[in-house]
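Residue numbers (our numbering), protein chains in the order written: chain D, 9 to 211; chain G, 279 to 383; chain A, 2 to 657. The C-beta atom is built at its ideal place from N, Cα and C for all residues, glycine as well. Before any comments, here is the structure.
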């Protein structure tokens, strides 16, 4: 908090600053809603094309649930740990917060690695983007989610460095709030992916 | 620091308790559909409905226990945006399925 | 080596058509001239500091406006070329391929690179001033939006001289837009030009929603916010929900073309009709996105020039917001003829007709505002009055098209062409022109010349009816859109010739307007009061042109049409002067990152257009580095000291 107060203009402006940061949380929330629409459009495409295998392999034949279940719990746990990071932030404990973020990042990385693994496996089995409408929709939907997670990791690293350098300020606080919101959102998207793509796919 | 406590309500606080409850509920709501699908407990349509309900429930759990939609200053523009967004997501998905249903090869 | 270069150049550059060589030469000459002037007058630094890195919403608005007028010129030339080709039967002015390219670029440019930036220009120029704010909620993001739009538009326009223009229609339906039928980079230019500028549009939508919800001056409740700001809110809500759908749709089309995916292909289980379904989920809200701000402009203009409070404020707000929501439930009426179940068609026919209700409410409100008002027929008001009959006819033909069984007859005929030009020109263009004439003095400090403006107005209006009324008839006579030529035996010759004459009349109207701007820069009536129209809302309470921080003291709002209330109180002598207390003003710092990052986005687009993945990778890395750099930037704003505010205000004739 110290850095917050030694600003030349003192308290009044700092309050404005705080409000300004709140403004950015609202904007980010709206962005997340637009991202919902983006995933909604991809889900709609998947739903319309999900039975069009064009004689190629089906999801039921190729999906390997154990890996997917592992990914699901990894991402769920990382969503929880990112929440713990926010809790630590509210208590003002920078170190604890960075460690929880690090745990979240490692879990996120594991998720991405598992996904890459799955994709290479599928391609080995002869299911690529160009195989059929089903696989095009599958790779695009799941891949877009994976890309979001990867971007989140990149962002998380940037934030951990900033936290180390600057501690908890209104600005870093806002950034971590947004990041954790984004991370929870990705977990929610994954739940629907897991249900619609994988569970309904193997039925 | 005391200064800060005053507008503490504005932040998405949550407590350890809410996170833990949310986490446990999420795990339960993930395992139930998994078991239903793996053991072929019900017929196909019923299973699809149930697992979708579980997914929606888990979404709501995360919304309340992880994202703390109840907190934050009023008016809650974020919640309003979310609700309208979800209506439109629903329209996109259900509308596409409805319109394209008659276009199968 | 030389042979290789020659071969590359012959495919890389568009060749073979004298029109294009002419354009090449003029583009090259313009570029040389710009570089020469900037170097000679040592203006590079000025360009960089004052414009390329600016985050000031007024300057960004001006840049949007300039870009949109240039695009209006290009889209207009496209239109005239088409009308020349269709003026008589069997004309051999354009080849069929060239004609296809021209109607494609005409449509895309007019909607996405003319109407959208003109709209964003008005958002930027007006909204913060109208709300009593110092800037938008996220000034940096605002600059990012602008440069993404600009470089997206440049990428799209580059297709004219490099690689070849897209030619699969403005919405590029597959299978025509797939590799089989549209090989080559043209279609990719379309995809990436729109994709890049679309990201910018989405960000602008978020920016203005937060600005309107959170940045209003103290005392300005939503329930007494000016109607233009309400219309911007409505439009922005549609933007944030519609643009992600566009992003997905054209990304999928690109995957079909680039990665051999099967979303919209004929084989492999793909379904081209899904593309129509998706693109119109964006496309239908999109036309409301551009027309709703025009409604806001009319509301401001009608109230100001009738000297009355707007009639039915609440119903206006209700209409704006219900249009925003309803716009997402009508998309399938664009493809009734695709073939789907009767219940789908009934639902979408009815939902389409429902839209006419709030729109009708608005028309009546404007008429009642004028009723018994003291109307002065200045330019903004002229365009508003011209809009009403034009839009009513356009709306009525829209309801005709919504009648699904009849639509099977009108679909894709010139009846449809006439309908949507009537709502887009009569609604959007007339509205934006009214807005530009209205707010021009606030931005530039002088009015646009009335006399020349009236010439432009009448040429536009008469030209419009001469051009498009015959097209309704042509539609009934069986003329389908996108015909590049027709025979004498069809009996379409007379009406087509009349239509072409009308198009040229509109072109003359545009020339008058360019002349008007050039003339007014020197001779236009200067605005010394800051309130040249005796208007009603906050933007008119500050000097023209507005200082960079907008309001020296943030006003406290007491009711709807606050500036009018203040003026009334001053006249009645009931106005209580509150001692103005100047404070340091918190302002955002300029930044070069938006411009540089958008250049990298351009590289991504250009690389993918030609399948040069390495270039796209460089672009992605560049974008990531720019974001990283911005994330680590903490020194992003500063305070304008009181002394500077005081001296700036004094130079504008206001004493604090």
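{"query": "What distance in whole Å lies between the Cβ atoms of residue 294 of chain A and residue 324 of chain A, which are believed to be in contact at a cut-off of 8 angstroms?", "result": "Rounded, the Cβ-Cβ distance is 12 angstroms, inconsistent with contact."}
{"query": "Using only the alpha-carbon positions, how far apart do residue 135 of chain D and residue 143 of chain D sit?", "result": "7 angstroms"}
{"query": "Using only the alpha-carbon positions, how far apart do residue 100 of chain A and residue 15 of chain A sit?", "result": "15 angstroms"}
{"query": "Using alpha carbons as the reference points, say which of A:269, A:176, A:204 lies closest to residue 141 of chain D.", "result": "A:269"}
{"query": "Where residue 367 of chain A and residue 307 of chain G are concerned, what is the direct C-alpha to C-alpha distance, given to the nearest angstrom?", "result": "54 angstroms"}
{"query": "Going along chain D in order, which residues have a C-beta closer than 8 angstroms to the C-beta of residue 272 of chain A?", "result": "56, 57, 60, 141"}
{"query": "I'd like to know if the stretch 521-535 of chain A and the stretch 119-130 of chain A are in contact, where contact means that at least 3 CB-CB pairs between them fall below 8 angstroms.", "result": "no"}
{"query": "DSSP puts residue 422 of chain A in a beta bridge; with which residues?", "result": "Its beta-bridge partners do not exist; DSSP assigns none."}
{"query": "Would you call the CB atoms of residue 474 of chain A and residue 444 of chain A closer than 9 angstroms?", "result": "no"}
{"query": "Let me see if you follow: with CB-CB separation under 9 angstroms, is residue 180 of chain D close to chain G or not?", "result": "no"}
{"query": "Of the choices A:296, A:275, A:187, A:217, whose alpha-carbon is the least far from that of residue 428 of chain A?", "result": "A:296"}
{"query": "Distance cutoff 9 angstroms, beta carbons only. Does residue 246 of chain A sit that close to anything in chain G?", "result": "yes"}
{"query": "Taking a cut of 8 angstroms between CB atoms, which residues from the stretch 332-350 of chain A lie near chain D?", "result": "none"}
{"query": "Relative to the C-alpha of residue 199 of chain A, which residue among A:435, A:112, A:51, A:59 is closest?", "result": "A:112"}
{"query": "Run through the stretch 613-646 of chain A for me and flag every whole alpha helix (DSSP H) of 4 or more residues, listed as ranges in chain order.", "result": "614-632"}
{"query": "So which of A:574, A:150, A:298 has the shortest CA-CA distance to residue 440 of chain A?", "result": "A:298"}
{"query": "Per DSSP, residue 527 of chain A forms a beta bridge with which residues?", "result": "A:447"}
{"query": "Rounded to whole angstroms, what's the CA-CA distance from residue 39 of chain D to residue 245 of chain A? Just pull it up for me.", "result": "10 angstroms"}
{"query": "Using a C-beta cutoff of 9 angstroms, does residue 278 of chain A count as contacting chain G?", "result": "yes"}
{"query": "Tell me, please, whether the CB atom of residue 349 of chain G is closer than 9 angstroms to any CB atom in chain D?", "result": "no"}
{"query": "When burial is assigned at 16 or more other CB atoms within 10 Å of the CB, is residue 172 of chain D buried or exposed?", "result": "exposed"}
{"query": "Just verifying my parser: in three-state terms, what is the DSSP assignment at residue 388 of chain A?", "result": "helix"}
{"query": "How far does the alpha helix (DSSP H) with residue 77 of chain D in it reach, from first residue to last?", "result": "73-99"}
{"query": "Helix, strand or coil for residue 15 of chain A? Go by DSSP, reduced to three states.", "result": "coil"}
{"query": "Around the C-beta of residue 61 of chain D, are 16 or more other C-beta atoms found within 10 angstroms, so that it is buried, or is it exposed?", "result": "buried"}
{"query": "Under three-state DSSP, which class holds residue 290 of chain G?", "result": "Residue placement at residue 290 of chain G cannot be trusted, given a pLDDT of 47 that sits under 50; the coordinates are not used to answer."}
{"query": "Specify the secondary structure class of residue 139 of chain D as computed by DSSP and reduced to three states.", "result": "coil"}
{"query": "Please name the residue or residues paired with residue 481 of chain A in a DSSP beta bridge.", "result": "A:414"}
{"query": "Whole angstroms is fine: what's the gap from residue 624 of chain A's alpha carbon to residue 329 of chain G's?", "result": "40 angstroms"}
{"query": "So is residue 129 of chain A buried or exposed if we call it buried at 16+ other beta carbons inside 10 Å?", "result": "buried"}
{"query": "Under 8 angstroms Cβ-Cβ, which residues of chain A neighbour residue 380 of chain G?", "result": "340, 341, 342, 345"}
{"query": "Which partner residues of residue 589 of chain A appear in the DSSP bridge assignment?", "result": "A:638"}
{"query": "Is it buried or exposed, residue 229 of chain D, if we count other Cβ atoms within 10 angstroms and call 16 or more buried?", "result": "Residue numbering for chain D in the displayed model covers 9 to 211; residue 229 of chain D lies beyond these limits and cannot be assessed."}
{"query": "Determine the extent of the alpha helix (DSSP H) in which residue 58 of chain A is found, giving its start and end residues.", "result": "58-87"}
{"query": "So residue 195 of chain D and residue 79 of chain D are in contact, right, with Cβ under 8 angstroms, and what is the actual spacing, rounded?", "result": "About 11 angstroms separates the two Cβ atoms, so there is no contact after all."}
{"query": "Look up residue 329 of chain G in the DSSP assignment and say whether it is helix, strand or coil.", "result": "helix"}
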